[in-house]
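Beneath this line is the structure, given in structure tokens, with notes to follow.
In UniProt numbering, the protein residues as written are 1 to 543.
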């Protein structure tokens, strides 16, 4: 049988040949990934089942043939299998880490057993190696000489020391001349700004674990996730100290419900992903001020969205929203709302409760009208409605006393309400490209004394109202492809102030002509009066 020293030497060799042991946070990250993968797989399978049920219900009226039914069954099974394969791929690296740690724990138990055995042998050797009454060292039944006994004692002590070193883990391995390295694929100093290659799911989970333990307040993963990552691990909720989080420019399709645990989060950037919806827990981000969700695939917002009462800046542009929830009206601190390039057909009446709104951009939608409640947005300065299907503006638009920019170009506007001229802070007004629909400007447009830019291109306006002469600050005027007669095209080409001057001169000329007409009418009346008196005298009638 091998001696204790030889056994310990063999143990040391075996330990030396083991792969690197994962760090604690790596194991926690792997466990989080596995848990997330299980949840994601279950959710995907449920989604497939719902789609199948919906498809079956819609096609129940027309019963498929036998071949078609078989093909549908194959397709359903293929979808489920694809979900399972994707989940298996996501689990692969994490499962390896968890299994590796499990094997290391088995090795830990074996080392502890070896430690107890060596410790007992050492105690026995010390007891048997004491001096006898004759003054000689005891050598036992085999009469081993003094030198052999000393070697046994030294081997036992060395074995005990080696086992103790191994028990202490990486520090002990370093003392034995072994180098302990974490799993190289997991240890990336992303948070320090070192952008090497994109991160796998388990690397993201590992980064989350380490960031949470360090209490990091800002974390950016912009464009750093591999394309295969479509969801984030549930451990995301551990980032409870984070105030700014950037997950933009990836391919994330779903957020874990644990995101609601990020109670100190004030800025969240999720733009340019593939988000289809948001979890209900999203509404728990009560301290969120800036939220960027543009360029995703959102079709709706959760009812809890109204709980984001601290929100000041919200970008929902370039999604697939057909409507905004009524709860939007609860966002009383919202100052900037961007909903360009969606499929909105109407705005909720509750938009009028967003009384802090300064900027509202609704370009490239399917809006046909604005609610009257828009007039309650007394702080609104910018309102853009470019490329919709709006036929008219609400009369309450005149209540927007701070409005500086209004764009209703590329619509179907037929009439601009007269009371728009009460929005006397207007600096930029774009009414262009309403084509055959818009035929006149408001008569009192001259009340917009602050107006600097006006575009009426591609409309059917032929005459500018007389009050146009009062637009003394107008410096940009576009009327391309508009059949203006007054002023003539030659004047328009000279610039905005030339048009204003022309209208002013035209009005002055009209005034002079009117005076002449009035004076001529007076003398005509007077002469006719004298003529009538003379005729009466001739016939003997009283004058």
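We treat Cβ as the ideally placed atom computed from N, Cα and C, and that holds for glycine.
Presumed contact (8 Å Cβ cut-off) between residue i and residue j, rounded CB distance
| i | j | result |
| --- | --- | --- |
| residue 32 | residue 235 | 4 Å |
| residue 484 | residue 476 | Residue 484 to residue 476, Cβ: 16 Å. No contact. |
| residue 221 | residue 204 | 7 Å |
| residue 285 | residue 314 | At roughly 12 Å, the Cβ-Cβ gap does not stay under 8 Å, so residue 285 and residue 314 are not in contact. |
Inter-residue spacing [alpha-carbon to alpha-carbon] between residue i and residue j
| i | j | result |
| --- | --- | --- |
| residue 370 | residue 224 | 41 Å |
| residue 506 | residue 470 | 13 Å |
| residue 467 | residue 362 | 30 Å |
| residue 76 | residue 70 | 10 Å |
| residue 80 | residue 255 | 22 Å |
| residue 259 | residue 289 | 16 Å |
| residue 14 | residue 316 | 58 Å |
| residue 263 | residue 325 | 23 Å |
| residue 354 | residue 388 | 22 Å |
| residue 444 | residue 423 | 11 Å |
| residue 131 | residue 119 | The predicted position of residue 131 is uncertain, since its pLDDT is 46 and thus under 50; no value can be drawn from it. |
| residue 393 | residue 232 | 44 Å |
| residue 279 | residue 302 | 7 Å |
| residue 240 | residue 287 | 12 Å |
| residue 97 | residue 17 | 17 Å |
| residue 291 | residue 269 | 6 Å |
| residue 266 | residue 213 | 20 Å |
| residue 462 | residue 391 | 20 Å |
| residue 465 | residue 503 | 9 Å |
| residue 416 | residue 429 | 12 Å |
| residue 112 | residue 8 | 12 Å |
Limits of the unbroken beta strand (DSSP E) element including residue i
| i | result |
| --- | --- |
| residue 318 | First-last for residue 318: undefined, no H or E at that position. |
| residue 367 | Note, residue 367: premise wrong, no beta strand (DSSP E); not H, not E. |
| residue 338 | 336–338 |
| residue 382 | 382–384 |
| residue 206 | Not the beta strand (DSSP E): residue 206 falls in the alpha helix (DSSP H), residues 201–214. |
| residue 361 | 359–361 |
| residue 218 | 218–220 |
| residue 453 | 453–455 |
| residue 407 | 405–407 |
| residue 246 | 244–246 |
| residue 269 | 267–269 |
| residue 294 | No beta strand (DSSP E) contains residue 294, which DSSP labels as neither H nor E. |
| residue 476 | 476–478 |
Residue j beta carbon less than 8 Å from that of residue i
| i | j | result |
| --- | --- | --- |
| residue 329 | residue 309 | no |
| residue 408 | residue 380 | no |
| residue 453 | residue 427 | yes |
| residue 250 | residue 229 | yes |
| residue 451 | residue 474 | yes |
| residue 442 | residue 405 | no |
| residue 586 | residue 340 | An answer regarding residue 586 cannot be provided, because it is not within the stretch 1 to 543 covered by the chain. |
| residue 486 | residue 459 | no |
| residue 352 | residue 373 | yes |
| residue 101 | residue 22 | yes |
| residue 479 | residue 456 | yes |
| residue 78 | residue 11 | no |
| residue 500 | residue 472 | yes |
| residue 360 | residue 333 | no |
| residue 30 | residue 94 | yes |
| residue 261 | residue 237 | yes |
Close-in-space but distant-in-sequence residues of the same chain around residue i (CB under 6 Å, 5 per side omitted)
| i | result |
| --- | --- |
| residue 134 | Only weak support is given to the placement of residue 134: the predicted model assigns it a pLDDT of 42, under 50, and the question is left unresolved by the model. |
| residue 410 | 386, 387, 433 |
| residue 358 | 335, 379, 381 |
Chain-order list of residues whose beta-carbon lies under 8 Å from that of residue i (same chain, five-residue window excluded)
| i | result |
| --- | --- |
| residue 320 | 297, 298, 299, 342, 343 |
| residue 275 | 252, 253, 254, 255, 293, 296, 297, 298 |
| residue 273 | 247, 248, 249, 250, 251, 252, 253, 295, 296 |
| residue 396 | 372, 373, 374, 375, 376 |
| residue 346 | 323, 367, 368, 369, 371 |
| residue 211 | 191, 219, 239, 242 |
| residue 447 | 421, 422, 424, 467, 470 |
| residue 348 | 323, 324, 325, 326, 328, 329, 371 |
| residue 34 | 91, 94, 95, 98 |
| residue 318 | 294, 295, 296, 340, 341, 342 |
Residue span of the alpha helix (DSSP H) that contains residue i, given as start and end
| i | result |
| --- | --- |
| residue 429 | Careful: residue 429 lies outside any alpha helix (DSSP H), inside the beta strand (DSSP E) at 428–430. |
| residue 489 | 489–492 |
Spatial neighbours of residue i in its chain, beta-carbon cut-off 7 Å, leaving aside the 5 residues before and after
| i | result |
| --- | --- |
| residue 190 | Because the pLDDT of residue 190 is 41, which lies under 50, any placement of that residue in the model is unreliable, and the number read from its coordinates should be weighed accordingly. Correct list, in chain order: 199, 207, 224. |
| residue 425 | 401, 402, 403, 404, 450 |
| residue 28 | 209 |
| residue 521 | Low per-residue confidence applies at residue 521: pLDDT is 48, beneath 50, and the placement is therefore not dependable enough to give any value. |
| residue 496 | 474, 475, 476, 477 |
Min CB distance residue i to chain C below 8 Å
| i | result |
| --- | --- |
| residue 293 | As a matter of chain content, chain C is missing from the structure shown, which is built from one protein chain. |
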